[in-house]
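For reference, the structure discussed in these notes is given below.
Structure (structure tokens):
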């Protein structure tokens, strides 16, 4: 990762925090409906063979300012695995429209298996997505992300993913109302 996606995440998050959150407390906690997402993607790299990826994640029940904690686990068709924890920013927090963009940055741990040799266990995954939110709170997103060790080790090869993501409320008001609780 050359840092571009990480920089985009930082710029969107900090700009939003400065313009919208700081007048009332830069990192005040705001309750959110927790969400779970499922993602299917294709891994690409100039240096490695392509592979398919299944990725599942959880977006926390709260956010602090513009930062929403997110957790993810990725498994690939070539036996690689990755687990990370980081932050996500979404334009949904700024503009009330069904179309949105989101950015994320997640440090995590990588197990190579028969997958790409990314030169180290510590890997950073930064992403950019464009999505649409449906009336029930679920959303569909097209994402692009890049994973690398961000030059922590001698070599810093990267692996990119193009994917489609489905996100739905985990146990928020939408699910409770559907179950009649």
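In the working numbering, the protein residues as written are 15 to 195. Glycine included, every Cβ here is placed at the ideal spot set by N, Cα and C. Since the structure is predicted, the reported quantities are computational estimates derived from the model, not experimental observations.
Pick helix, strand or coil for residue i, following the three-state DSSP scheme.
{"i": "residue 105", "result": "helix"}
{"i": "residue 132", "result": "coil"}
{"i": "residue 35", "result": "helix"}
{"i": "residue 189", "result": "In this predicted model, residue 189 has a pLDDT of only 46, less than 50, meaning its place in the structure is not dependable; the value taken from the coordinates is given anyway. Residue 189 falls in the helix class under three-state DSSP."}
{"i": "residue 96", "result": "strand"}
Got a sec? Which residues, its chain only, sit under 8 Å from residue i by beta carbon, not counting five neighbours each side?
{"i": "residue 127", "result": "90, 92, 93, 94 and 95"}
{"i": "residue 37", "result": "none"}
Residue i lies in the alpha helix (DSSP H); which residues open and close that run?
{"i": "residue 28", "result": "18 to 30"}
Mind checking if residue i is an interface residue toward chain B, Cβ cutoff 7 Å exclusive?
{"i": "residue 32", "result": "Judged by its chain identifiers, the structure shown contains no chain B, having just a single protein chain."}
Tell me where the beta strand (DSSP E) around residue i begins and ends.
{"i": "residue 44", "result": "43 to 45"}
{"i": "residue 65", "result": "65 to 73"}
{"i": "residue 143", "result": "136 to 147"}
{"i": "residue 172", "result": "Here residue 172 belongs to no beta strand (DSSP E), and DSSP marks it neither H nor E."}
{"i": "residue 116", "result": "113 to 125"}
{"i": "residue 153", "result": "153 to 162"}
Which residues in the same chain as residue i place their Cβ atom closer than 7 Å to its Cβ, once the five residues preceding and following it in sequence are excluded?
{"i": "residue 134", "result": "163, 166 and 167"}
{"i": "residue 169", "result": "133"}
{"i": "residue 190", "result": "Residue confidence for residue 190 is low, a pLDDT of 47 falling below 50, so the modelled location carries little weight; the figure read from the coordinates is stated next. Closer than 7 Å at the Cβ level, and outside the excluded window around residue 190, lies no residue."}
If I'm right that residue i touches residue j with Cβ under 8 Å, what's the distance once you round it to whole angstroms?
{"i": "residue 31", "j": "residue 80", "result": "5 Å"}
{"i": "residue 182", "j": "residue 160", "result": "Actually they do not touch by this definition, with Cβ atoms about 26 Å apart."}
{"i": "residue 69", "j": "residue 53", "result": "4 Å"}
{"i": "residue 98", "j": "residue 120", "result": "4 Å"}
{"i": "residue 19", "j": "residue 140", "result": "4 Å"}
In chain order, what residues of the same chain have a beta carbon less than 6 Å from the beta carbon of residue i, not counting five sequence neighbours either side?
{"i": "residue 17", "result": "none"}
{"i": "residue 51", "result": "71, 179 and 181"}
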